[in-house]
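Q: This note's numbering applies: residue 317 is where the sequence shown begins, and numbers increase by one. Input: one structure, supplied below.
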Amino acid sequence: MAANRKLLILPGDGIGAEVMRQVMRIIEWLDTRRGVGFDIEEALVGGAAYDAVGTPLPEKTLEAALASDAVLFGAVGGPKWDGLEFSLRPERALLALRKELELYANLRPTVVYEALADASTLKREVVEGLDMMIVRELTGGIYFGEPRGIETLPDGQRRGVNTEVYTTSEIHRVARVAFELARKRRGLVHSVEKANVLESSELWREEVQALRDAEYSDVELRHMYADNAAMQLVREPKQFDVIVAGNLFGDILSDCAGMLTGSLGMLPSASLGKAGSDGLCRGLYEPVHGSAPDIAGKDSANPLAAVLSLSMLLRYSFGMADEAALIERAVENVLNGGLRTSDIMQPGKARVSTSVMGDALMRQLDKVAA
Ligand code: IPM
Ligand code: MG
Numbered sequence: 317m318a319a320n321r322k323l324l325i326l327p328g329d330g331i332g333a334e335v336m337r338q339v340m341r342i343i344e345w346l347d348t349r350r351g352v353g354f355d356i357e358e359a360l361v362g363g364a365a366y367d368a369v370g371t372p373l374p375e376k377t378l379e380a381a382l383a384s385d386a387v388l389f390g391a392v393g394g395p396k397w398d399g400l401e402f403s404l405r406p407e408r409a410l411l412a413l414r415k416e417l418e419l420y421a422n423l424r425p426t427v428v429y430e431a432l433a434d435a436s437t438l439k440r441e442v443v444e445g446l447d448m449m450i451v452r453e454l455t456g457g458i459y460f461g462e463p464r465g466i467e468t469l470p471d472g473q474r475r476g477v478n479t480e481v482y483t484t485s486e487i488h489r490v491a492r493v494a495f496e497l498a499r500k501r502r503g504l505v506h507s508v509e510k511a512n513v514l515e516s517s518e519l520w521r522e523e524v525q526a527l528r529d530a531e532y533s534d535v536e537l538r539h540m541y542a543d544n545a546a547m548q549l550v551r552e553p554k555q556f557d558v559i560v561a562g563n564l565f566g567d568i569l570s571d572c573a574g575m576l577t578g579s580l581g582m583l584p585s586a587s588l589g590k591a592g593s594d595g596l597c598r599g600l601y602e603p604v605h606g607s608a609p610d611i612a613g614k615d616s617a618n619p620l621a622a623v624l625s626l627s628m629l630l631r632y633s634f635g636m637a638d639e640a641a642l643i644e645r646a647v648e649n650v651l652n653g654g655l656r657t658s659d660i661m662q663p664g665k666a667r668v669s670t671s672v673m674g675d676a677l678m679r680q681l682d683k684v685a686a
């Protein structure tokens with residue numbers, strides 16, 4: 317029998333630890349009820365790591381991540397660490413992990429569950445049935461481009477610089493992920509940039525088009541400027557199937573898209589590297605919501621984004637589509653049953669804590685697996 321898959325758990329800061337506790341219950345359930353065991357390790361990251369050992373990404377954590385098949389990440393950051401020097405901020409750990417593990421494709425699904433269609437700030441008819449995927453480039457662009465920094469000029473002014481830069485291969489590998497996903501979905505990709513203003517965007521547009529023409533002529537490709545895309549996302553989101561964008565535009569648009577679902581507390585994400593010959597790839601999986609320091613430790617966070625991140629992990633890194641589907645069905649059933657954490661609370665529904673939501677999930681898992 318093949319060795320167990322290696323799973324690294326990084327709870328991090330704020331609500332990271334409490335949502336991860338609910339995820340661990342599901343992992344235990346998978347072990348006892350489905351016979352799928354993992355080699356699990358847990359490590360420090362973010363502010364918690366800084367407090368313990370003085371750096372947001374300890375060497376030991378990075379080594380464990382490099383040795384793992386997948387990483388499940390809670391959240392990092394909080395006001396406690398806001399005053400730290402740039403290189404010691406909790407967020408640096410996340411950026412370094414993405415870079416070191418070469419996780420260049422960030423998948424952010426935006427799915428509006430029927431039970432939550434009224435939880436969005438947009439009208440039901442605008443968001444009902446929405447199912448789109450944002451593919452954000454994650455290891456390049458202005459987040460990592462050189463030169464960068466802050467300098468003091470001879471006249472005493474200060475000057476801050478960052479560089480937006482993309483190469484052909486960086487564009488092709490992330491666009492390929494988008495085209496492959498579109499093939500399994502509705503066959504439509506919107507590529508988003510600012511080719512009317514930026515050369516790096518002009519190259520992005522040309523290279524995405526060239527790849528489509530050479531290898532994906534069965535997929536429809538449309539180009540859209542980023543400002544227009546922001547507007548179209550709230551005007552008529554259902555026109556989108558897959559969106560592919562660079563690091564910064566993808567960061568901004570995915571928060572905007574996330575809100576269409578009613579709550580960031582529902583949104584999982586996957587950050588993927590190059591796929592192996594079996595089609596599976598190492599990945600880092602995290603809820604989009606972040607550390608939410610205002611509600612940390614109160615047992616009121618929504619664990620569903622972290623739970624759905626686990627289901628993405630099972631699908632993309634471990635090839636366990638059946639188990640992933642079980643988890644997704646359990647989540648849907650819990651929502652249909654009327655349970656809501658505070659972030660998705662609606663009139664007439666039952667407000668529950670993080671752990672009670674977890675209890676309900678466990679019961680539903682038993683049911684859907686029976
Ligand atoms: C995200 C976050 C991060 C990013 C921060 C925390 C560094 O906003 O994952 O979208 O900008 O990539
Ligand atoms: Mg962001």
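No residue lacks a Cβ here, since even glycine has one placed at the ideal position from N, Cα and C.
To test your reading of the DSSP string, which unbroken beta strand (DSSP E) runs of 3 or more residues are found completely within the region 532 to 616?
A: 536 to 541, 558 to 561, 584 to 588 and 599 to 603
Q: Could you tell me whether the region 547 to 559 touches the region 435 to 444, where touching means 3 or more Cβ pairs closer than 8 Å?
A: yes
Q: Once you ignore the five residues that flank residue 382 on each side, which residues in its own chain have a CB closer than 8 Å to its CB?
A: 416 and 417
Q: Pop quiz: residue 369 and residue 328 are said to be a contact at Cβ under 8 Å. What is the actual Cβ separation, rounded to whole angstroms?
A: Residue 369 to residue 328, Cβ: 14 Å. No contact.
Q: Check whether the Cβ of residue 523 lies closer than 7 Å to any heavy atom of ligand 1, and answer yes or no.
A: no
Q: Once DSSP output is grouped into helix, strand and coil, what is the label at residue 637?
A: helix
Q: Report yes or no: do three or more beta-carbon pairs, one from the region 579 to 592 and one from the region 623 to 630, lie closer than 8 Å?
A: yes
Q: My guess is that residue 457 and residue 482 are in contact by the Cβ rule of under 8 Å, so how many angstroms apart are they, rounded?
A: Contact between residue 457 and residue 482 holds, with the beta-carbon distance rounding to 6 Å and staying under 8 Å.
Q: Have a look at residue 317 and residue 357 and give me their C-alpha separation to the nearest angstrom.
A: Per-residue confidence for residue 317 stands at a pLDDT of 46, beneath the threshold of 50, marking its modelled position as unreliable; the derived number appears in the next sentence. Near 21 Å, if we compare the C-alpha coordinates of residue 357 and residue 317.
Q: Among residues of its own chain, excluding the 5 on either side of residue 628, which ones have a beta-carbon nearer than 6 Å to its beta-carbon?
A: 584, 586 and 601
Q: Would you check whether ligand 2 has a heavy atom nearer than 7 Å to the C-beta of residue 571?
A: yes
Q: Return the CA-CA distance between residue 484 and residue 380, expressed in angstroms with no decimal places.
A: 31 Å
Q: Among 443, 408 and 477, which residue has its Cα nearest to the Cα of residue 455?
A: 408
Q: Could you tell me how far apart the beta carbons of residue 525 and residue 514 are, in whole angstroms, since I believe they sit closer than 8 Å?
A: Not really, about 16 Å apart at Cβ, beyond 8 Å.
Q: Span of the alpha helix (DSSP H) holding residue 375?
A: It spans 375 to 383 - the alpha helix (DSSP H) in which residue 375 sits, taken as one unbroken run.
Q: Consult DSSP for residue 363 and reduce its assignment to one of helix, strand or coil.
A: helix
Q: Looking only at DSSP bridge pairs, what is residue 468 linked to?
A: 474
Q: Under 8 Å: do the region 556 to 571 and the region 347 to 367 share three or more Cβ pairs, one atom per stretch?
A: no
Q: Using DSSP with H/G/I as helix, E/B as strand and the rest coil, what is residue 661?
A: For residue 661, the secondary structure class from DSSP, reduced to helix, strand or coil, is coil.
Q: For residue 636, does the count of other Cβ atoms within 10 angstroms reach 16, so buried, or fall short, so exposed?
A: buried
Q: With DSSP as the reference, please indicate the residues paired to residue 625 in a beta bridge.
A: In the DSSP output, where bridge partners are listed per residue, residue 625 has none listed.
Q: Nearest by alpha-carbon distance to residue 360: which of 332, 492 and 343 is it?
A: 332
Q: Could you pull out every unbroken alpha helix (DSSP H) segment of at least 4 residues lying fully inside the region 436 to 512, listed in chain order?
A: 440 to 443 and 484 to 499
Q: Give every residue of the same chain whose Cβ lies closer than 7 Å to the Cβ of residue 389, excluding the five residues on either side of it in the sequence, and list them in chain order.
A: 326, 328, 600, 601 and 602
Q: Just mark residue 559 as buried or exposed, buried being the case when its beta carbon has 16 or more other beta carbons within 10 Å.
A: buried
Q: What are the start and end residues of the beta strand (DSSP E) that includes residue 427?
A: Per DSSP, residue 427 belongs to the beta strand (DSSP E) from 421 to 427.
Q: Going by Cα to Cα distance, which pick from 491, 477, 434 and 334 is closest to residue 452?
A: 491
Q: Is there a Cβ of chain B sitting closer than 8 Å to that of residue 514, yes or no?
A: Note that chain B does not occur in the displayed structure, where there is just one protein chain.
Q: Is it true that the CB of residue 633 sits closer than 8 Å to the CB of residue 597?
A: yes
Q: Within the same chain, show all residues whose beta-carbon is closer than 8 Å to that of residue 519, passing over the 5 residues directly before and after it, in chain order.
A: Excluding residues within five positions, the ones whose Cβ falls inside 8 Å are 482, 484 and 487.
Q: Where does residue 387 sit, in a helix, a strand or coil, going by DSSP?
A: In the structure shown, the three-state DSSP call for residue 387 is strand.
Q: Got a sec, what are the start and stop residues for the beta strand (DSSP E) residue 321 sits in?
A: 321 to 328
Q: Quick one: what's residue 667 bridged to in DSSP?
A: 656
Q: Among the residues of its own chain, which have a CB less than 6 Å from the CB of residue 386, if the five just before and after it don't count?
A: 323, 599, 629 and 633
Q: Measuring CB atoms only, is the region 612 to 620 touching the region 332 to 348, in the sense that at least three cross pairs come out at less than 8 Å?
A: Contact holds between the region 612 to 620 and the region 332 to 348, because three or more Cβ pairs, one in each stretch, are under 8 Å apart.
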